[in-house]
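Peer 1: Handing you a structure now.
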Amino acid sequence: MKLERIGAPNFDLELTLDSGQTFHWERYRGGFAGLIGDRAVYVEQQGSELRALAGSAREVQRYFALDHPLPDICAAFPDDPAMCAARDYCLGLRIIRQPLWECLASFITSSMKQVAHIRQMSRALRQRFGEQRVIDELELYSFPSAARIAQVTEKDLRECALGYRAKNLLGTARLVASGEADLEAWRVLSDDELRARLCSLPGVGAKVANCVMLFAYERLRAFPIDVWIERVLKERYFARKRKVTAQKLREFCDSYFGEHGGYAQQYLFHHARKTTPRRVKKRAAGKAARLSQ
DNA sequence: ATACAGGCTCGCC
DNA sequence: GGCGAGCCTGTA
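Here is the structure:
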C-alpha cells in the first residue's frame, strides 16, 4: 500500500472512531478501514500525522474535522472538575463530519441499542443493500442511499435485525428519497428549525436529532442527552438536587456549555462510558434483580 | 435465564 | 402536556 501523509496535530484517530459517533470503521492492519461517503479509505496514525490510502486527502481532512481549532475549543470549556477530567481523558477527540443520510439512518437504528448492536445493524444494511468497494485486500460496503432503502420492504429491514426500528428507517428513507425531506437543503436552517424538521421524521426525537445535528450538520452547540450524559449531569452538576426534570437539564446544558456544547457533551460522554467500571454496573444490576425477587 | 440497553411513540390521565 | 408501557433484538 502506498500511503499519503496528512498532517493531523491534536488528533487521536482511534479515540475518535471509538467514541460512538460512527459505527462502521474496522481495525485493519495497523489502522482502520472504512468509507467516507462512497469512497473506501484506509487510515492509520503515526504521531501527529495520518497515513492514508484514499482518493483524496482533502476528504480525509474534512471528514475528521482536522480544521476544528481543538485546543481553543477545549480551552473554552467550563472550568469544573467533571469537565477537566473529561478533557484530560479525551485529548485529540474530534467531532467528525459525516454524510447526512448515513448519520441520520444510523442514529435511527441506535434507539435502545449498545454500540456493538448498532455496528451489527450497520454491517447488515451495508452488506445487503450497499455497494461493494475494495481497498487493499478488504471488501467494504457503502451505506445504502435513502433511495435504495426506500425500495426495500420492512421485512427486508427486519432481517437486518432492526426490529421495530425497521418501520422508522423505511418511513424516513421514503421521505428523504421522495424529496419531501431535503436533508441537503436543511443545511441553511437555524438550529431550532433544523431540529424541528429532523424531529418530524419517523424514529427521530430530540436525542437522535441532536446527534445528527452534531455529527453531520456541524452544529457544535447541539447537545444530545442520553442516559449516560443524564447520569453524569445528575451526579456531577446536580448532586444535591432531588428532582431534576428533563427540561431543567436541557436548559442547563444549553446555557452552561455554550457555543461548543456538543464537544463538551462528547467528552463527558466518552469519559463516563470508558471509565465507569464494569463491576459497578453489574453490581447495580444484580442489586436490582435481588430486590425484585 | 432474564433484565436491560446510548429512544420513540402513542395512549392514558 | 406529563407519564408509563410497548416495541425488537443481542448481550451480559
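Sequence positions in the first sequence follow numbering that gives the first Met the number 0 and run 0 to 292. Positions of the beta carbon are idealized from the N, C-alpha and C atoms, including for glycine.
(1) Using the Cα positions of Asp-78 and Pro-98, report the straight-line distance between them to the nearest angstrom.
(2) Specify the secondary structure class of Ala-145 as computed by DSSP and reduced to three states.
(3) If we count the other Cβ atoms within 10 Å of its Cβ and call it buried at 16 or more, is Thr-275 buried or exposed?
(4) Are three or more beta carbon pairs between the segment 235 to 244 and the segment 103 to 117 nearer than 8 Å?
(5) Where does Ala-56 fall in DSSP's three states?
(6) Can you tell me where the beta strand (DSSP E) holding Ala-39 begins and where it ends?
(7) Within this structure, are the beta carbons of Arg-96 and Thr-15 separated by less than 8 Å?
(8) Tell me the DSSP secondary structure of Phe-10 in three-state form.
(9) Tell me which same chain residues have a C-beta within less than 6 Å of the C-beta of Pro-8, skipping the five on either side of it?
(10) The alpha helix (DSSP H) that contains Ala-123, what's its start and end?
(11) At which residues does the alpha helix (DSSP H) containing Gln-246 begin and terminate?
(12) Which one or two residues does DSSP pair with Tyr-27 in a beta bridge?
(13) Here's a check: name, in chain order, each residue in its chain whose Cβ is nearer than 6 Å to the Cβ of Ala-215, leaving out the five neighbours to either side.
(14) Restricting to Cα atoms, I'd like to know which of Cys-83, Leu-90, Ala-51 and Asp-191 is closest to Leu-69.
(15) Secondary structure at Tyr-163, three-state DSSP: helix, strand or coil?
(16) Could you tell me how far apart the beta carbons of Leu-52 and Met-0 are, in whole angstroms, since I believe they sit closer than 8 Å?
(17) Please state whether DSSP places Tyr-266 in a helix, a strand or coil.
(18) On the criterion of 16 or more Cβ atoms from any shown chain inside 10 Å, does Pro-80 qualify as buried, or is it exposed?
(19) Run through the segment 207 to 242 for me and flag every whole alpha helix (DSSP H) of 4 or more residues, listed as ranges in chain order.
(20) When the Cα of Cys-73 is compared with those of Lys-273, Arg-272 and Gly-257, which residue comes out closest?
(21) Report, in whole angstroms, the separation of the C-beta atoms of Cys-198 and Phe-106, which I expect to be a contact under 8 Å.
(22) If you run the structure through DSSP and keep just helix, strand and coil, what is Arg-299?
(23) Please report the residue range of the beta strand (DSSP E) in which Glu-138 lies.
(24) Measuring only the C-alpha atoms, how far is Asp-191 from Gly-260?
(25) Using the beta-carbon count (16 or more within 10 Å), is Arg-86 buried or exposed?
Peer 2: Let me lay it out:
(1) 33 Å
(2) helix
(3) exposed
(4) no
(5) helix
(6) 38 to 45
(7) no
(8) coil
(9) Ser-47
(10) 114 to 128
(11) 245 to 255
(12) Gly-30
(13) Gln-97, Leu-99 and Cys-102
(14) Leu-90
(15) coil
(16) 5 Å
(17) helix
(18) exposed
(19) 226 to 235
(20) Gly-257
(21) Contact flag wrong, Cβ pair sits at about 12 Å.
(22) Residue numbering for the chain in the displayed model covers 0 to 292; residue 299 lies beyond these limits and cannot be assessed.
(23) 137 to 140
(24) 15 Å
(25) buried
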